[in-house]
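See structure below.
Residue numbers (the working numbering): 1 to 134.
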């Protein structure tokens, strides 16, 4: 995995991570920052490989996908200690995405072993969506 950011010309046009939003301030150790950064890169790679390169018929203009991750522990609110990923879409046209495949692939990405528990969200622009024009 590359540690350097990609040039704008190297980024895919069908999916682009617009924002990473930390939902808490629990990531304090440099080692955990690297683990979470690598995890985010893996999520980006899943999105790049599972989102079709061309917009589905009627889905031109795209939209946004929000992926929220709840990882780490041991202070898990879930009695079974599970870690969660949730996915939300901004517009009905994104129902054309292979959501089951995306969730399955995201679930297969190995979560980082960090402590304490941490939450963050990733906002992806899909099929050329531009939040500045919306």
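The beta-carbon is built from N, C-alpha and C at its ideal position, and this holds for glycine as well.
Cα separation between residue i and residue j?
i	j	result
residue 23	residue 63	22 Å
residue 53	residue 14	5 Å
residue 130	residue 91	13 Å
residue 57	residue 26	42 Å
residue 20	residue 85	14 Å
Sort the options by Cα distance to residue i and report the nearest one.
i	options	result
residue 107	71, 13, 15	71
residue 120	30, 97, 43, 14	43
residue 41	129, 128, 111, 118	111
residue 89	73, 25, 67, 104	67
residue 50	84, 102, 39, 33	102
With DSSP as the reference, label residue i as helix, strand or coil.
i	result
residue 34	helix
residue 63	strand
residue 99	helix
Looking at residue j and residue i, is the spacing between their C-beta atoms short of 7 Å?
i	j	result
residue 96	residue 59	yes
residue 126	residue 35	no
residue 61	residue 117	no
Would you grab the beta carbon distance between residue i and residue j for me? Rounded to a whole angstrom, and I think it's under 8 Å.
i	j	result
residue 122	residue 17	6 Å
residue 109	residue 46	6 Å
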